[in-house]
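As structure tokens, the structure follows; a few thoughts come after it.
Protein chains: 2
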Amino acid sequence: MSRVNENYLKLPGSYLFSTIGRKVREYSETHPEKKIIRLGIGDVTQPLAPAIIEALHSAVDEMAKPETFRGYAPDLGYEFLRNAIAKNDYQARGCQIAADEIFVSDGAKSDSANIQEVFSADSRIAVCDPVYPVYVDSNVMAGRAGDYDAAKQIWSNVIYMPCTAENGFAPEFPMETPDLIYLCFPNNPTGAAITKAQLQDWVDYANKCGAVIIYDAAYEAYISEENIPHSIYECEGARTCAIELRSFSKNAGFTGVRLGFTVIPKELKCGEVSLHSLWARRHGTKYNGAPYIVQRAGEAVYSEAGKAQLKAQVAYYMNNARYIYQGLKEVGYTVSGGVNAPYIWLKAPNGMTSWEFFDCLLERVNVVGTPGSGFGPHGETYFRLTAFGSYENTVEAVERIKSLQL
Amino acid sequence: MSRVNENYLKLPGSYLFSTIGRKVREYSETHPEKKIIRLGIGDVTQPLAPAIIEALHSAVDEMAKPETFRGYAPDLGYEFLRNAIAKNDYQARGCQIAADEIFVSDGAKSDSANIQEVFSADSRIAVCDPVYPVYVDSNVMAGRAGDYDAAKQIWSNVIYMPCTAENGFAPEFPMETPDLIYLCFPNNPTGAAITKAQLQDWVDYANKCGAVIIYDAAYEAYISEENIPHSIYECEGARTCAIELRSFSKNAGFTGVRLGFTVIPKELKCGEVSLHSLWARRHGTKYNGAPYIVQRAGEAVYSEAGKAQLKAQVAYYMNNARYIYQGLKEVGYTVSGGVNAPYIWLKAPNGMTSWEFFDCLLERVNVVGTPGSGFGPHGETYFRLTAFGSYENTVEAVERIKSLQL
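Going down the list, the protein sequences come from chains A and B.
Just so you know, we're using numbering that gives the first Met the number 0 here: the first sequence kicks off at 0 and counts up by one.
Just so you know, we're using numbering that gives the first Met the number 0 here: the second sequence kicks off at 0 and counts up by one.
What follows is the structure, encoded as structure tokens:
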């Protein structure tokens with residue numbers, strides 16, 4: 000008699016963004032005349048850059064001819080892409096990461112959900128609170144999170160590191176010693192960044208207690224300030240304690256193209272076991288590589304033309320971020336983020352809960368954001384807006400929010 | 000102190016196809032002058048059909064314009080693709096499968112590796128022997144397979160169903176009652192098919208004992224005989240016991256494009272729990288959808304032009320299958336498969352083991368196949384050749400094998 004994985008049944012409700020999607024769909028169906036502006040899910044809106052379009056067309060043409068057709072990709076990604084990543088994202092910044100330490104995948108969401116698989120079932124995880132839900136939910140599904148306390152909205156076996164206005168949204172070392180530490184900077188959802196010195200402290204801490212840091216650097220392209228690290232491998236000692244996750248979704252608009260990668264240095268070990276070889280085994284067994292045409296698109300991100308075009312695209316979104324930040328601040332909102340990240344983190348006004356403010360914005364001014372409480376208990380009363388809309392929609396959304404008499 | 004998932008350490012050696020890849024690479028590096036013909040990994044060689052190329056270009060163009068750019072796909076796949084699948088693969092064959100019972104993914108390898116996650120850790124799995132290694136390895140990684148007996152090449156907690164020449168390579172009901180039954184027909188690696196009556200017996204068996212069948216129909220496009228089911232949902236009662244996995248890799252040459260899907264009927268339950276909702280939750284949490292351009296390519300598979308072009312492509316490969324089958328039979332090999340599947344299953348000559356024959360073919364005539372023992376203990380002394388080469392290479396490979404004085 001088959002039985003299900005009961006850990007799945009412990010998950011409360013549905014995945015955050017699925018819930019938002021459903022609420023918006025329902026509102027939209029009952030109010031078809033309303034123009035909804037979505038600054039919620041973090042999806043980009045600008046088209047792919049010309050250099051990427053050109054690379055895609057060219058790769059499609061290759062797939063049309065027997066001489067240049069490509070079947071199964073190498074398990075861990077094509078060398079042309081891994082070389083481009085190693086050179087541009089790492090070696091150019093003085094990080095000693097080799098091409099064969101890079102594992103190409105269909106995106107950082109998959110990688111951040113799957114990476115826990117190579118660790119023991121009794122590993123203790125530490126996460127920031129608020130946090131990207133995938134880190135926690137994937138560990139719940141694996142039975143690592145313990146039981147859910149619905150009143151407190153926490154899992155009994157997860158170590159939470161509150162990120163609050165008081166600590167500048169930067170986590171402090173937890174009281175209990177974790178085995179795995181999830182860090183994401185620039186941060187989703189708070190938009191906060193930490194300095195190289197702060198990140199170095201985390202690397203030293205992890206090396207000291209034998210923990211592994213899973214470092215999600217999906218938003219590094221949005222860093223505008225000096226002294227904010229783009230990669231954890233800028234810190235000394237990171238090669239023995241850190242895995243880094245990267246995405247092409249936000250720096251190159253690949254949310255619908257699907258491409259990301261994970262870096263695992265060869266020195267990184269748990270006891271005597273190389274995590275590089277375990278992850279290689281997982282990739283080889285459970286995955287069949289990213290599409291050839293998509294990997295060629297990824298390569299174009301690093302071409303001279305691609306770099307210039309994407310720099311402009313990032314600047315476009317960061318202009319939106321500034322507009323939201325300043326606009327809301329002017330009318331008295333408490334806002335942060337938006338300087339090194341495409342997210343604005345704001346306090347819901349008048350003591351509203353996150354979901355009350357979500358409903359208020361959706362129903363009264365037809366703007367969709369993301370309730371902070373969806374990211375963890377310390378996200379309650381906060382709200383995330385993204386800079387990934389068009390400029391016109393961003394301006395209109397800010398005007399609409401300003402018009403609310405709250 | 001972090002620790003690894005020790006189940007990974009139980010896996011002997013590396014994934015079968017990675018080992019073959021390494022052996023071929025090493026031989027090739029030491030013998031750069033040799034022309035190697037690969038009839039091993041099951042990768043296709045014909046370019047994508049014109050209708051698919053056209054759909055890809057057109058979708059790429061859409062990604063270049065703000066009005067038609069697409070970001071995150073719906074979790075479970077675009078409706079245009081799910082509708083095309085439901086209509087063409089199911090409803091046209093009289094199977095009552097709705098579009099919202101179809102989950103689009105990046106391929107059947109990922110799905111067949113991931114599907115075990117929604118079942119309890121103590122589920123007993125039954126597999127054919129020989130078998131596609133991913134079914135077993137993914138369960139090993141989840142701790143469900145028990146311990147490996149290297150001498151017997153079996154896992155202590157896996158129920159094996161031998162598929163031998165004596166039973167026509169069709170599994171018999173196992174002595175012990177399984178919770179999950181993996182079936183793949185037309186079969187990889189043996190190339191055998193089973194009749195609708197035989198499959199109906201399995202559906203009845205599963206419904207009776209409360210087991211779930213995971214039915215891998217990746218090769219259904221190669222069925223040439225009447226009375227061989229293309230889908231398990233052609234059998235009565237399958238909606239309450241079966242999950243079906245499908246691929247675009249072999250019917251449309253998408254090995255390097257990456258697209259597949261899983262069907263989970265809404266009636267399928269374990270106890271009171273809907274597997275459809277668990278899989279939807281997994282998709283939503285751990286996956287971000289197949290690329291838009293790839294889903295448009297998938298849609299083109301079902302266009303009139305696409306259907307005609309792919310019918311010709313399948314016929315091309317099946318002509319190769321016949322050529323291998325007949326050529327080897329002529330010189331005295333014991334061969335099967337190749338009629339409803341793109342695989343030829345042959346007995347290694349002169350009492351050689353599978354790997355001895357692999358080395359012999361690689362080193363003496365520079366032909367790469369797949370050792371049967373890599374698929375399980377009852378694959379020992381067998382060997383798999385695929386029909387996915389070019390016609391010219393296939394002819395040459397057969398001539399080379401015939402030339403061996405064994």
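From the three backbone atoms N, C-alpha and C, an ideal C-beta is built for every residue, glycine too.
For M0(B), count neighbouring C-beta atoms within 10 Å of its own C-beta (all shown protein chains included) and say buried if the count is 16 or more, exposed if not.
exposed
Pick from A196(A), A311(A) and I40(A) that is closest to P132(A), judged by C-alpha positions
I40(A)
List the residues of chain B that L277(A) touches, going by C-beta distances under 8 Å, in chain order.
V3, N4 and Y7
Figure out for me which residue from A251(A), N6(A) and V256(A) has the closest Cα to the Cα of Q308(A).
A251(A)
Distance, Cα to Cα, S276(B) vs V211(B)?
In this model, S276(B) and V211(B) are separated by some 16 Å (Cα to Cα).
Please confirm if the stretch 383-395 of chain B is in contact with the stretch 312-330 of chain B, defined as three or more CB-CB distances below 8 Å between the two stretches.
Counting C-beta pairs closer than 8 Å gives three or more between the stretch 383-395 of chain B and the stretch 312-330 of chain B, which meets the contact rule.
Put T163(A) into one of helix, strand or coil per three-state DSSP.
It is coil, neither helix nor strand.
At least one CB of chain A closer than 8 Å to the CB of K22(B): is that the case?
no
Could you give the residue range of the alpha helix (DSSP H) that holds R21(A)?
Going by DSSP, R21(A) is part of the alpha helix (DSSP H) stretching over L15 to T29.
Just verifying my parser: in three-state terms, what is the DSSP assignment at S402(B)?
It is helical.
So that I know if they touch, is there some Cβ in chain B lying closer than 8 Å to that of T284(A)?
yes
Contact the stretch 164-172 of chain B vs the stretch 145-152 of chain A: 3+ CB pairs below 8 Å
no
Beta-carbon proximity list for M140(B), same chain, < 8 Å, skipping 5 on both sides:
N4, N6, Y7 and L10
CA-to-CA distance, P188(A) to G76(A), given in whole angstroms:
29 Å
Do the stretch 102-112 of chain B and the stretch 148-165 of chain B meet, that is, are 3 or more Cβ pairs less than 8 Å apart?
no
Per-residue burial, E25(B) [other beta carbons within 10 Å of its own, 16 or more giving buried]
Looking at its Cβ environment, which holds fewer than 16 other Cβ atoms inside 10 Å, E25(B) is exposed.
Once you ignore the five residues that flank H282(A) on each side, which residues in its own chain have a CB closer than 7 Å to its CB?
D74, L75 and F102
Close beta carbons around Q312(A), own chain, < 7 Å, minus the five adjacent residues each side
Contacts found: Q45, A48 and G252.
Under a CB-based cut-off of 8 Å, is A409(A) close to chain B?
In the structure as shown, chain A starts at 0 and stops at 405, and residue 409(A) therefore has no counterpart that could be examined.
To the nearest angstrom, report how far apart V293(B) and P65(A) are at their CA atoms.
Straight-line Cα distance between these residues: approximately 19 Å.
Let me confirm a value: P31(A) is counted as buried when at least 16 other C-beta atoms fall within 10 Å, else exposed. Which label applies?
exposed
I think I400(B) touches L360(B), with their Cβ atoms under 8 Å apart; what is that distance to the nearest whole Å?
7 Å
Which one or two residues does DSSP pair with G336(B) in a beta bridge?
I343(B)
Thinking G288(B) and A63(B) are a contact (beta carbons under 8 Å), I'd like their distance in whole angstroms, please.
Contact doesn't hold; Cβ gap of about 20 Å is too wide.
Is the beta carbon of E298(B) less than 8 Å from the beta carbon of A85(B)?
Going by C-beta atoms, E298(B) is not nearer than 8 Å to A85(B).
Given this structure, state the Cα-to-Cα distance separating G270(B) from E175(B), to the nearest angstrom.
20 Å
Backbone CA spacing between V117(B) and Y159(B) [nearest angstrom]
22 Å
Exposed or buried, which one is D136(B) when buried takes at least 16 other CB atoms within 10 Å?
buried
Evaluate N138(B) with the Cβ neighbour count: other Cβ atoms within 10 Å of its Cβ, from every protein chain shown; 16 or more gives buried, anything less gives exposed.
So N138(B) ends up on the buried side.
Compare the C-beta of M62(A) with all C-beta atoms of chain B and state if any pair is closer than 8 Å.
yes
Neighbourhood of Q436(A) by C-beta, 8 Å cutoff - its chain only, sequence neighbours within 5 removed
Look at the range of chain A in this structure, 0 to 405, and you will see that residue 436(A) is not part of it.
Taking only beta-carbon atoms, is P188(B) less than 8 Å away from chain A?
Nearest CB-CB separation between P188(B) and chain A: not below the 8 Å threshold.
Among the residues of its own chain, which have a CB less than 6 Å from the CB of F184(B), if the five just before and after it don't count?
A192 and I193
Test: G270(A) CB closer than 8 Å to a CB of chain B:
yes
Starting from the C-beta of H377(A), find all residues in its chain whose C-beta is less than 8 Å away, skip the five residues before and the five after it, and write them out in chain order.
D128, P129, Y159, P161, C162 and T163
Contact check, L345(B) vs Y381(B), beta carbons under 8 Å
yes
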